[in-house]
Each structure stands twice: as C-alpha cells, then as structure tokens.
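Protein chains in written order, with this note's numbering: chain U, 1 to 116; chain X, 117 to 228.
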C-alpha cells in the first residue's frame, strides 16, 4: 500500500491553456474522489467515481472540467481554457467498498495549480 | 443540506495544555463524522471517524472526539499538546458515505 499519488505536484499555466492532472488511488479502493481547496478554505467536493462510473458531479464542476476513470483504476481531471479562478490545490482521495465498513477517505498530496 | 461549522479559525495552546477544537454540524440524516489533519504542503490525514456505536471515538496521535447528537457537536480534544500537533484541522460530515463536506478548518498553534 503506497497511498494515493498525484501528478504533477505543481503546475503553472497561462490563462486559456488546458491542463490535466492524474490520480492513482490505493490499489484495492474502488471509490475515487476529486476535491478542490483554495487558500483558507476546506476542501470542496468536485466529483466521485465508483469503479468506472462517475456517480456525482458538483455544481462547482463547470463544463470546462472533465474527469475520467476509464478502467476503474487511475483517474484524470482535465481543465480546459483555464482561468485565474481555477488556481487552487486539487486533491484526490480514495476509499474502499462500504462492504468493509465506513473507512473514510484517504487523500493524496494534491496538485497545486497556478494560473497566470 | 449538510454543513460544518468550526469555531475559531486559529487556536493557540501551550505545550502540555489541553487541546479543544470545536465543531458543530447540521445533517438531515444520521451523519458520518470525521476529523482530518493537514500539515504544510501535505494532503489530509484521517485522525478519527464516527459512524455508529460508541459516541467517544479515539484516533491517532492521542486525539479523541465525542459525538453529541443533542448538541450536534463533534469536538476534538487531546489532553496534552505537543509541538508536533501544530497543523490545520478539518471537521467533516458525510451524509451517505460518499462525498465529504468539510469545515473551513482551524489552525492549531502550539506555544513553547
């Protein structure tokens, strides 16, 4: 168990460019979550997957955002036409099936996005 | 709708003193409750969780929290603060064990 990993850890991009982040969950976890955290705030839910299926999307997730988890393992979060307001820490988390009880979510180190 | 309120964005305690971080929640269904800790430039680490059963929950690093339904509270305590406890602490609620709704966080400062 190597924990949740995220790449890259930091991304600086110019306004209008597209960016893609990757998250590798803990291998036996079938649920994967994306959150966004801005300075001085708690993380805010964006979306989550159970295996390949995207089960819920927040209203925060505008049309410029898309997330995928094609084989039920790693996930990608893409932001198209970035705006300065997209600057934030993007956190990924995973959790096991609830058949194992309520375990809570395990977070990765995050990807810090700066849009200039 | 579910929400979490953490009282005090900054809390300072002396090393060796009691740590008390306050959290109140609102939930239309019996909630799952969590405390997470975040060290600088790191992700969130689960400290403890309440799902069902015993209302006093023990977590890692000597922390514990008590679920009080009548007060809709889930305050975090530690009997004796250590310098290594300095971090940001987030209280969180999950109504159905899917998405987690976080409070705004409390930064804990430990005074020597």
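Cβ atoms here follow ideal geometry from the backbone N, Cα and C, with glycine treated the same way. These figures come from a predicted structure and were not determined experimentally.
Helix, strand or coil at residue i according to DSSP, with G and I counted as helix
i, result
"residue 199 of chain X", "helix"
"residue 7 of chain U", "strand"
"residue 56 of chain U", "strand"
"residue 185 of chain X", "helix"
"residue 157 of chain X", "coil"
"residue 78 of chain X", "Past the edges of chain X, shown from 117 to 228, lies residue 78 of chain X, and the structure says nothing about it."
"residue 118 of chain X", "coil"
"residue 225 of chain X", "strand"
"residue 135 of chain X", "strand"
"residue 217 of chain X", "strand"
"residue 58 of chain X", "Nothing can be reported for residue 58 of chain X: it is not among the residues displayed for chain X, which extend from 117 to 228."
"residue 143 of chain X", "coil"
"residue 212 of chain X", "coil"
"residue 116 of chain U", "coil"
"residue 126 of chain X", "strand"
"residue 204 of chain X", "strand"
"residue 60 of chain X", "Look at the range of chain X in this structure, 117 to 228, and you will see that residue 60 of chain X is not part of it."
"residue 12 of chain U", "strand"
"residue 2 of chain U", "coil"
"residue 20 of chain U", "strand"
Check whether residue i and residue j have beta carbons under 8 Å apart
i, j, result
"residue 184 of chain X", "residue 41 of chain U", "no"
"residue 211 of chain X", "residue 143 of chain X", "yes"
"residue 6 of chain U", "residue 92 of chain U", "yes"
"residue 188 of chain X", "residue 141 of chain X", "yes"
"residue 97 of chain U", "residue 32 of chain U", "no"
"residue 11 of chain U", "residue 19 of chain U", "yes"
"residue 44 of chain U", "residue 35 of chain U", "yes"
"residue 179 of chain X", "residue 162 of chain X", "no"
"residue 216 of chain X", "residue 105 of chain U", "yes"
"residue 191 of chain X", "residue 139 of chain X", "yes"
"residue 9 of chain U", "residue 76 of chain U", "no"
"residue 222 of chain X", "residue 136 of chain X", "no"
"residue 69 of chain U", "residue 56 of chain U", "no"
"residue 204 of chain X", "residue 158 of chain X", "no"
"residue 148 of chain X", "residue 166 of chain X", "yes"
"residue 83 of chain U", "residue 66 of chain U", "no"
"residue 116 of chain U", "residue 14 of chain U", "yes"
"residue 134 of chain X", "residue 195 of chain X", "yes"
"residue 30 of chain U", "residue 50 of chain U", "yes"
"residue 224 of chain X", "residue 107 of chain U", "no"
Cutoff 8 Å: residue i Cβ touching any chain X Cβ
i, result
"residue 16 of chain U", "no"
"residue 54 of chain U", "no"
"residue 72 of chain U", "no"
"residue 90 of chain U", "no"
"residue 96 of chain U", "no"
"residue 110 of chain U", "yes"
"residue 80 of chain U", "no"
"residue 43 of chain U", "yes"
"residue 107 of chain U", "yes"
"residue 85 of chain U", "no"
Beta carbon proximity, residue i to chain U, threshold 8 Å
i, result
"residue 118 of chain X", "no"
"residue 159 of chain X", "yes"
"residue 221 of chain X", "yes"
"residue 216 of chain X", "yes"
"residue 58 of chain X", "An answer regarding residue 58 of chain X cannot be provided, because it is not within the stretch 117 to 228 covered by chain X."
Exercise. For the region 36 to 114 of chain U, list the alpha helix (DSSP H) runs that are entirely contained and at least 4 residues long, ordered along the chain.
Key: none
Quiz prompt | Residues of the region 165 to 192 of chain X whose Cβ lies closer than 7 Å to any Cβ of chain U, in chain order | solution = 165 and 167
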